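Novice:
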Amino acid sequence: MSARIAIFPGSFDPFTRGHEDIVRRGSHFFDHIIIGIGHNSQKQRFFPLELMMDCIRETFADTPNVSVETFQGLTALFARQKGAQFLLRGLRNTTDFEYENSIAQVNKQVVAGLETVLLITSPHLAYISSTIVRDIYRYGQNVDAYLPYSLEAVKAKYGH
Ligand code: ADP
-19 MSARIAIFPG SFDPFTRGHE DIVRRGSHFF DHIIIGIGHN SQKQRFFPLE LMMDCIRETF
41 ADTPNVSVET FQGLTALFAR QKGAQFLLRG LRNTTDFEYE NSIAQVNKQV VAGLETVLLI
101 TSPHLAYISS TIVRDIYRYG QNVDAYLPYS LEAVKAKYGH
């Protein structure tokens, strides 16, 4: 049987403890998870792509079956290019469900056989969102409690 490969796609601006939880739980089901940071050259990110890749690498330094890549364009096409049969996503609430339900159907139409696997968020992390983390960071608050890495330590280590 071929290796079970999943893409965990998102903007990850920034990657949070909620995201980490989905990847760690998902890693029991798949041989390999590729965290795919989707980006659009027309759209400005808050946390630079290279910095976020380093933060994610640092987080999973102890987990050899998790890697991180960036991609542009359709998630389903990135999955096909990587030989992934699955998309992994997290579900926090009914708003996430409405969106995930539609996008999963579309992704399967774009690439036949591409299955979306949804994991219910761990309750103690369900309130965390990248938007909220960005908002409080912007106003100078420490956001370490929401992140699985220290932003300042990664910046210093990788010279960002
Ligand atoms: P997108 O821009 O595609 O919504 P995000 O980076 O916001 O990407 O999120 C990527 C995935 O992680 C989505 O499936 C989202 O539902 C999930 N997610 C976001 N925050 C959490 C959290 N706190 N707990 C679990 N899953 C989460």
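Note that the numbering used here has the sequence shown beginning at -19, numbered continuously upward.
In this text, a Cβ means the ideal position worked out from N, Cα and C, and glycines have one as well.
Fair warning: this is a prediction, and the values are worked out from it, not measured in the lab.
Taking buried to mean at least 16 other C-beta atoms within 10 Å of its own C-beta, is Ile36 buried or exposed?
Specialist: Start at 1 with the first residue of the sequence shown, and residue 36 comes out as number 56. That one is buried.
Novice: If Val48 and Ile83 are in contact, beta carbons under 8 angstroms, what's the gap, nearest whole angstrom?
Specialist: Position 68 of the sequence shown, counted from the first residue, corresponds to residue 48. Position 103 of the sequence shown, counted from the first residue, corresponds to residue 83. Actually they are not in contact, since the Cβ atoms of Val48 and Ile83 sit about 21 angstroms apart, beyond 8 angstroms.
Novice: Going by C-alpha distance, which of Pro44, Val46, Leu67 is nearest Thr55?
Specialist: Position 75 of the sequence shown, counted from the first residue, corresponds to residue 55. Nearest of Pro44, Val46, Leu67 to Thr55, Cα basis: Leu67.
Novice: For Gln24 and Phe58, what's the separation of their Cα atoms in angstroms?
Specialist: Counting from 1 along the sequence shown, the entry for residue 24 is found at position 44. Counting from 1 along the sequence shown, the entry for residue 58 is found at position 78. If I take the Cα positions, the gap works out to 21 angstroms.
Novice: Cutting at 8 angstroms between CB atoms, please list the residues of its own chain near Val134, excluding the five before and the five after it.
Specialist: Along the sequence shown, read from residue 1 onward, the residue named residue 134 stands at position 154. Here the set comprises Leu31, Asp34, Cys35, Glu38, His140.
Novice: Please confirm whether any heavy atom of ligand 1 lies closer than 7 angstroms to the CB of Leu127.
Specialist: For the purposes of this step, residue 127 is identified with residue 147 of the sequence shown, where counting begins at 1. No, since every heavy atom of ligand 1 falls outside the 7 angstroms radius drawn around the Cβ of Leu127.
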